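Engineer:
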Amino acid sequence: MIRTVLAVLLSVALLAAVAPGIDEGRRSRTATHLDDATDRIERAAHSLRAHEDPTRPGVTGARRVVRVRVPATSWSAAGATLRIEGEGDRIGYRLDGRPPHWTTLRGLDLRTPAGPVALERPGEHRLVVSLVRDRGVGVVIARD
1 MIRTVLAVLL
11 SVALLAAVAP
21 GIDEGRRSRT
31 ATHLDDATDR
41 IERAAHSLRA
51 HEDPTRPGVT
61 GARRVVRVRV
71 PATSWSAAGA
81 TLRIEGEGDR
91 IGYRLDGRPP
101 HWTTLRGLDL
111 RTPAGPVALE
121 RPGEHRLVVS
131 LVRDRGVGVV
141 IARD
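Residues in the sequence shown are numbered from 1 upward in steps of one, following full-length UniProt numbering.
And the structure:
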């Protein structure tokens, strides 16, 4: 009986010792995944600027579809949200309610006509990146 109690206490102590490392690993893995998603969105926007002609608002033109997966909270992934703001030409993500990490997309006039695009539900989301000529040339990002 004493051995069983000692084994349980030792297991609990070991779990308490490694839990912070597990949490940091989950956050690091999820941040790497969302940094990659940010890079793919930025590459799609720069590709449009470099290779396509902008169209007037409401006119269908060249576009890129970027699939982004927001991970669900699990043993290997932290809870996350992704937000795209045209106002500041930036994309940010928040992990487990911590302060957001923002990336400013330089050289792009990012636009989100329906307000900021917020991906809060876990799962796959499709974003449409298009090029528009209205008060200059802008890159529009919207949900598909």
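We treat Cβ as the ideally placed atom computed from N, Cα and C, and that holds for glycine.
All values reported here derive from a predicted model rather than from experimental measurement.
Please look up how many angstroms separate the CB atoms of V66 and I41, rounded, as I've assumed it's under 8 Å.
Structural biologist: Against the sequence shown, residue 66 aligns to sequence position 66. Against the sequence shown, residue 41 aligns to sequence position 41. Their Cβ separation, rounded to whole angstroms, is 5 Å, which keeps V66 and I41 in contact under 8 Å.
Engineer: When burial is assigned at 16 or more other CB atoms within 10 Å of the CB, is T38 buried or exposed?
Structural biologist: Counted from its first residue, the sequence shown places residue 38 at position 38. That one is buried.
Engineer: Just curious, the beta strand (DSSP E) that S130 is in, first and last residue?
Structural biologist: As a working note, residue 130 is residue 130 in the sequence shown. Run containing S130: G123 to R133, per the beta strand (DSSP E) assignment.
Engineer: So, using beta-carbon positions, are V140 and R106 closer together than 7 Å?
Structural biologist: Indexing the sequence shown from 1 puts residue 140 at position 140. Indexing the sequence shown from 1 puts residue 106 at position 106. No, these two residues do not count as a Cβ contact at 7 Å.
Engineer: Give the secondary structure of T38 by DSSP, where H, G and I count as helix, E and B as strand, and everything else as coil.
Structural biologist: To locate residue 38, count along the sequence shown from 1; it is residue 38. Residue state, collapsed to three classes: helix.
Engineer: Could you check where the beta strand (DSSP E) with L119 kicks off and where it finishes?
Structural biologist: Here the question's residue 119 lines up with position 119 in the sequence shown. V117 to L119 is the span of the beta strand (DSSP E), which, as asked, contains L119.
Engineer: Pick helix, strand or coil for A80, following the three-state DSSP scheme.
Structural biologist: Translated into positions along the sequence shown, residue 80 becomes position 80. Looking at A80 - three-state DSSP - the assignment turns out to be strand.
Engineer: Looking at the structure shown, is R106 part of a helix, part of a strand, or coil, going by DSSP?
Structural biologist: Taking the first residue of the sequence shown as 1, we reach residue 106 at position 106. Looking at R106 - three-state DSSP - the assignment turns out to be coil, as it is neither helix nor strand.
Engineer: With C-beta atoms as the reference, is residue 165 less than 7 Å away from G92?
Structural biologist: The question about residue 165 has no answer, for the chain in this structure spans 1 to 144.
Engineer: Beta-carbon separation of R26 and A77 under 7 Å?
Structural biologist: Residue numbering aside, residue 26 sits at position 26 when the sequence shown is read from its first letter. Residue numbering aside, residue 77 sits at position 77 when the sequence shown is read from its first letter. In this structure, A77 lies closer than 7 Å to R26 by Cβ.
Engineer: Rounded to a whole number of angstroms, what is the C-alpha to C-alpha distance between R43 and H125?
Structural biologist: Taking the first residue of the sequence shown as 1, we reach residue 43 at position 43. Taking the first residue of the sequence shown as 1, we reach residue 125 at position 125. In a straight line, the C-alpha of R43 is about 17 Å away from that of H125.
Engineer: Quick check on DSSP: helix, strand or coil for R26?
Structural biologist: Position 26 of the sequence shown, counted from the first residue, corresponds to residue 26. Three-state DSSP puts R26 in a helix.
Engineer: In angstroms, rounded to a whole number, what distance separates the CA positions of residue 147 and L127?
Structural biologist: Absent from the model: residue 147. The displayed extent of the chain is 1 to 144, so no value can be given.
Engineer: I think A45 touches V129, with their Cβ atoms under 8 Å apart; what is that distance to the nearest whole Å?
Structural biologist: What you label residue 45 is simply residue 45 of the sequence shown in a count that begins at 1. What you label residue 129 is simply residue 129 of the sequence shown in a count that begins at 1. Yes, A45 and V129 are in contact; Cβ-Cβ is about 6 Å, under 8 Å.
Engineer: Return the residue from the list S74, E52 and M1 that minimises the CA-CA distance to V137.
Structural biologist: Walking along the sequence shown from the start, residue 137 turns up at place 137. Closest by alpha carbon: E52.
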